[in-house]
Every structure is written in structure tokens, then in C-alpha cells.
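Heads up, the sequence shown is in this note's numbering, so the first residue is 1 and it goes up one at a time.
Backbone N, C-alpha and C define an ideal beta-carbon position, used for all residues, glycine too.
Here's the structure, in C-alpha cells; my notes come after.
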Amino acid sequence: MASPVNVVVTGAAGQIGYALLFRIASGQLLGEGRPVRLKLLEIPQAVKAAEGTALELEDGAFELLDGVDVYDDASKAFDGANVGLLVGARPRTKGMERADLLEANGGIFKPQGEALNGAADDVKVLVVGNPANTNALIAASNSDVPKDRFTAMTRLDHNRALAQLANKFGVGVGQISRMTIWGNHSASQYPDVTNVLIDGKPVADQVDQGWLTDEFIPRVAKRGAEIIEVRGASSAASAAAAAVDHVHTWINGTRENDWTSAAIVSDGSYGVPEGLVSSFPVTAKDGRFEIVQGLEISDFSRERIDASVAELGEEREAVKKLGLV
Ligand code: NAX
1 MASPVNVVVT GAAGQIGYAL LFRIASGQLL GEGRPVRLKL LEIPQAVKAA
51 EGTALELEDG AFELLDGVDV YDDASKAFDG ANVGLLVGAR PRTKGMERAD
101 LLEANGGIFK PQGEALNGAA DDVKVLVVGN PANTNALIAA SNSDVPKDRF
151 TAMTRLDHNR ALAQLANKFG VGVGQISRMT IWGNHSASQY PDVTNVLIDG
201 KPVADQVDQG WLTDEFIPRV AKRGAEIIEV RGASSAASAA AAAVDHVHTW
251 INGTRENDWT SAAIVSDGSY GVPEGLVSSF PVTAKDGRFE IVQGLEISDF
301 SRERIDASVA ELGEEREAVK KLGLV
């Protein structure tokens, strides 16, 4: 058997962690029947719960699972890591201002960025924990790992948009291609249907502007709140599924003539200031994400991309002031 791929999951005892770990253990993250070693990182108070999950993972008798280790020390967990799924984060509690939230998360993502220096040369990092884009920026800014290995998750937003389009047009999600999420994983994000194809044919001219602005865009952008209202808890299994999709695509590539959405460190494309971790239309090939170039941006799109990117810029200013980047 090939040597196992080391996958670190932080926040392993949380609800996304619980849904995510079993998907990884069954081989869905990496593809091609590659064996995996799971490294679970938690805060000391949650280590016991993570150990319980480790026992259940053992009971899954997953053929591709080489073993599970539980840690409360980031440097030990990330030592030799090939994939880092940074799920654990500090949630916003009552009365907490945005600066407090960013500072609390800086206390998590700065040391984790530093600890990633001990990871394997090919390490790939996905930040899921919110505010995901800026947490990824903090980790990347405090690490010697090349910036293109740090990403944040907007794949759930992308998948939510695909599902809404599939409902609207009465097609399967697999028939839809070239959906794009721009900007921040927040209510300011811009789900862009301009280039969407259904069965290879453009649909933008069949999309009613009222439906787009009053239903589709807000429904996708605020779906997290809708799930909380209906389910009584935040998205967990769908978030785990999106994290699996993100890493699987990153490693195994996008479909021909299609792209996906991922928040990556901007190179200045489409007027997004360099260095911000923003969602773009991306292809993946040979283990690298690349921004899809040359798309025409309408005034409608420009305004929405700029608004979300402005929010990312404000978050960067706030963490700069805190000395986190
Ligand atoms: P939970 O509160 O269930 O779990 C979080 C876990 O992280 C806890 O077990 C906690 O002990 C652990 N943790 C906290 N600090 C840690 C540290 N320094 N090192 C290791 N572990 C630590 O939250 P859950 O529902 O699993 O959500 C996790 C994060 O994902 C949240 O920040 C949430 O906002 C975010 N989400 C991001 C999404 C995205 O699309 N990017 C969508 C889903 C989700 O809302």
C-alpha cells in the first residue's frame, strides 16, 4: 500500500468535524484509493470528545484509514501534514464586536500558521472556520508555507447556488457548469450566474433580473441563516461535503470546460487587491488552483464584487491594526 496522506482536522470534536471525518476515512477526500492518516486537533477541553470520535472511526473499519491521532498541540498535529482542514474557530458570541471576533480568531490562526511550517512540502490548507477568508489571510501571513497553499471555503456557497439553479431550471446539478462565487464567505458574497451553462448552453439571458436580485442572490448569500432557522443549528454535513469537494477538486482537478469557486490569495486579478483571500472562479490542475482569466464583468457584477471585496479590505485593515498580518 502507498504511504498514507496525513490529514489534519482542527475542531475535530465539533459538528462539522463529526460529519467530515467519516467522509475522509472512507477515502472520499483524496480519491484514487489513497490511504489516509487522520490527525485530530482540539482544544484541551474537547480532546476527550475527539478521542471518542477516534474510537468510532476505528469501529468504521475503513480500509483506507491508516490510523487516528488526537492532539491539543498545533505543532505536533501539523508536523508532516499533507492536508490541513482548519475547521475549529471562535464563534461570535453575544455582544462581540467584529474586532473582538477577529482578535479571538487571530489567537487561533496565527499560531496555526506558524505551526504549519512543520508541515510537508506539498501541504494544502483549507480554512473553513469563520471568518474564513480573513482567518486564511492571518494563517498565510504568519507562515513560511507558500501563499498559494492557503485557501478558504466558498464551495458550500457554490454548491448552494448550483442547487438553487437546478431547482429553478428543473435540471440536475451535474448539468450545470461555470457557476462563480466572488468575494467574501459572508452575506456580501456575489453568486454570479453570468457564465453559467446548462448542458453546455448559456442561460444568463433566460434569467429574470428580479428573480436574480430579489431571490437567488440573497437566498444563496443568506442560506446559512435559513439553515439555522429551520434546522435549529448551523450547516454541518453540507459544510463537510463542501470541504471534501474543495480538497478533492484541488488534488484531482476540475472537469473539462468547467470551473469551481474557491477563496484564494489574490494576485490582483479582476481588480481584487493583491494579497486578499477572495473567492474567484478557479480551475484546478496538477494540484494547483488558477483563476479563470478573461471573463467580462458587467456593471451589475462589478458593483457586487467591489462591495464584497471592500468588506475583505476592511477585515484586513482591522487585523493589521491588531498586528495579526
Ligand atoms: P462547532 O462549534 O461545533 O465546533 C468547533 C470546534 O472547534 C469545537 O469542538 C472547538 O472545541 C474547536 N476549536 C476551537 N478552537 C480551536 C483551536 N484553537 N484548535 C482546535 N480546535 C478548536 O462548530 P462547527 O459547526 O463545526 O463549525 C466550525 C466553523 O465552521 C465555524 O467557525 C463556522 O462558522 C464555520 N463554517 C464555515 C462555513 C463555510 O462555508 N466556510 C460553513 C459552515 C460553518 O458555518
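Taking C-beta separations shorter than 6 Å and ignoring five residues to either side along the sequence, the partners of T249 in its chain run T260, A284, following chain order.
In this structure, the alpha-carbon of P44 lies about 41 Å from that of D306. In the pairwise beta carbon analysis, the segment 93–109 is classified as not touching the segment 150–159: fewer than three pairs are separated by under 8 Å. Taking all protein chains shown into account, R302 has fewer than 16 neighbouring C-beta atoms within 10 Å of its C-beta and is therefore exposed. If you check the CB distance, T151 and V125 come in under 8 Å. Shortest gap from the CB of V7 to any heavy atom of ligand 1: 7 Å or more.
Taking the Cβ of P91 as the reference point, at least one heavy atom of ligand 1 falls within a distance shorter than 7 Å.
Boundaries of the alpha helix (DSSP H) around E314: 299–321. Counting only runs of 4 or more residues that sit fully inside the segment 113–185, the alpha helix (DSSP H) segments are 132–141, 155–169, in chain order.
In the DSSP assignment, N252 falls within the alpha helix (DSSP H) that extends over 237–252. The nearest non-hydrogen atom of ligand 1 is less than 7 Å from the C-beta of G14. By the CB criterion at 8 Å, L40 and A54 fall inside the cutoff. Cα atoms of S279 and S234: separation of roughly 21 Å, rounded to the nearest angstrom.
By the Cβ rule, the segment 303–322 does not count as touching the segment 201–214, because fewer than three pairs are nearer than 8 Å. Around the beta carbon of R304, 16 or more other beta carbons lie within 10 angstroms, which makes this residue buried. Our two residues, A240 and S269, have alpha carbons roughly 29 Å apart in a direct line. Residue pairing by DSSP places N6 opposite R37 in a beta bridge.
By the C-beta density criterion, R98 is exposed, having fewer than 16 other C-beta atoms within 10 angstroms. Here V265 is buried. Its C-beta has 16 or more other C-beta atoms within 10 Å.
Annotation: the continuous beta strand (DSSP E) that includes S261 extends over 260–265. Contact between the segment 140–148 and the segment 182–195 is absent, with fewer than three C-beta pairs closer than 8 Å. Annotation: the continuous alpha helix (DSSP H) that includes P218 extends over 217–221. E290: member of the beta strand (DSSP E) spanning 288–291, first to last residue. L30 and D122 have their C-alpha atoms some 14 Å from each other.
V83 carries a strand assignment under DSSP once its states are collapsed to helix, strand and coil. D66 and P91 have their C-alpha atoms spaced approximately 32 Å apart.
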